[in-house]
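Have a look at the structure below, then the notes.
In the numbering used here, the protein residues as written are -19 to 349.
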């Protein structure tokens, strides 16, 4: 009997251990199975991952979105995202309305956990430290460099240099040897606004200034809306305005339709030769593209320029699932009845300065799943 009692006691002690071991094995098997399930489903269609949907329902993630300054495209995109994610159970976006875009966005995304932003693809060279520490997710739409100038002022410079304007041709920027003397003089004697410090417009204008040898010139560094107002309405105002933005810009379209005989100025778009693109890319380590204003502004189908994509970027800690959520919101907004109207009917500054963004240049957000 003592032996039996000892065996019973030993058995009673072993049984709970076996139960615990089996429980641990079952838990491990369930976790392993769940991991395999999530991995496989995420490869084929993350939207059908039930485990992810349950987790999103339990926990909401808050993210900061760095967009741009008031009156521009970027801030309106940020506002649209904020308005359309705040009620979502899995992701909420807090738009940073103090952002000035460009370098500010890249720096803030690098240093701020759980953050998204909009950054011009070529604002940072490929070897830049910041570029290596943020995540470039996908291009959203192509931005084109607009150079709007006072043709009347250019004609006066040409006449002063050559005595007549009968043989005047539209000014353009190309390699230094191909840029007309009158164009270089026009820049050097004019008030120019290439945009605020850190903006893509200002960065690309500095590239053109050096490669085309059109400097030095007086750069007022104004925001686009303010600079275009000065160009259109001030007699002693800005003569040349740079703006890297999506096209068409409603206000630029209106400016190009003004005429001297109607009491306005003869404002035009300056061409940038496509042959300049390889030299710019090689010298500055960027990926600029040759582009045109075809179907953007009446009469400018053959006016060439340089273009670069506006990219969605994130901090390194943002999970793929959150990126997919935000891209799905982009896709839902990328319709004529949503984001276009949101931007068109937003603040007055945006309506006059930007207008509808044509659904990211009529291209659906890539890699959205």
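From the three backbone atoms N, C-alpha and C, an ideal C-beta is built for every residue, glycine too.
| Asked | Found |
| --- | --- |
| Other residues of its chain near residue 0: CB distance less than 7 Å, five sequence neighbours each side excluded | none |
| Range covered by the beta strand (DSSP E) that runs through residue 123 | 115 to 130 |
| Reduced DSSP secondary structure (H/G/I, E/B, other) of residue 275 | coil |
| Contact belief for residue 172 with residue 199 at Cβ below 8 Å, rounded distance in angstroms | 5 Å |
| Three-state class that DSSP yields for residue 199 in the structure shown | strand |
| The alpha helix (DSSP H) enclosing residue 171, as first and last residue numbers | Segment 171 to 173 is the beta strand (DSSP E) holding residue 171; no alpha helix (DSSP H) there. |
| At least three beta-carbon pairs within less than 8 Å, the stretch 109 to 123 to the stretch 280 to 298 | yes |
| Inter-residue spacing [alpha-carbon to alpha-carbon] between residue 169 and residue 82 | 28 Å |
| C-beta atoms of residue 224 and residue 255 nearer than 7 Å | no |
| CB-CB length for residue 273 against residue 124, believed under 8 Å | 7 Å |
| Classification of residue 323 by the beta-carbon crowding that lies within 10 angstroms, buried from 16 upward | Here the model assigns residue 323 a pLDDT of 36, short of 50, so the residue's position is not dependable, and the following value carries that caveat. Buried. |
| Residue 245 versus residue 238: straight-line alpha-carbon distance, rounded | 6 Å |
| Where residue 60 falls: helix, strand or coil (DSSP) | helix |
| Length of the line joining the Cα atoms of residue 330 and residue 208 | A caution first: residue 330 carries a pLDDT of 32, below 50, which makes its placement in the model too unreliable to give a value. |
| Three-state class that DSSP yields for residue 293 in the structure shown | strand |
| Spatial distance of residue 189 from residue 210 (CA atoms) | 22 Å |
| Range of the contiguous alpha helix (DSSP H) that encloses residue 185 | 180 to 192 |
| Euclidean distance between Cα positions of residue 103 and residue 249 | 23 Å |
| Alpha carbon of residue 228 to alpha carbon of residue 220, nearest angstrom | 18 Å |
| Buried/exposed call for residue 101, threshold 16 Cβ in 10 Å | buried |
| Proximity to residue 268 [Cα-Cα], best of 295, 89, 15, 184 | 184 |
| Element boundaries [alpha helix (DSSP H), containing residue 89] | 82 to 91 |
| Span of the alpha helix (DSSP H) around residue 262 | 256 to 264 |
| Contact check, residue 157 vs residue 137, beta carbons under 7 Å | no |
| Nearest-angstrom Cα separation, counted from residue 91 out to residue 63 | 25 Å |
| Run of the beta strand (DSSP E) containing residue 97, from where it starts to where it stops | 95 to 100 |
| Rounded C-alpha distance that separates residue 128 from residue 275 | 17 Å |
| Straight-line Cα distance separating residue 195 from residue 214 | 23 Å |
| Close beta carbons around residue 140, own chain, < 6 Å, minus the five adjacent residues each side | none |
| Reduced DSSP category for residue 250 - H, G, I as helix; E, B as strand; rest coil | coil |
| Exposure of residue 142, with buried meaning 16 or more beta-carbon neighbours within 10 Å | exposed |
| Alpha-carbon spacing of residue 130 relative to residue 247, whole angstroms | 5 Å |
| Residue 178 versus 160, 253, 145, 85, residue with shortest Cα-Cα distance | 85 |
| Coarse secondary structure for residue 312, derived from DSSP in three states | helix |
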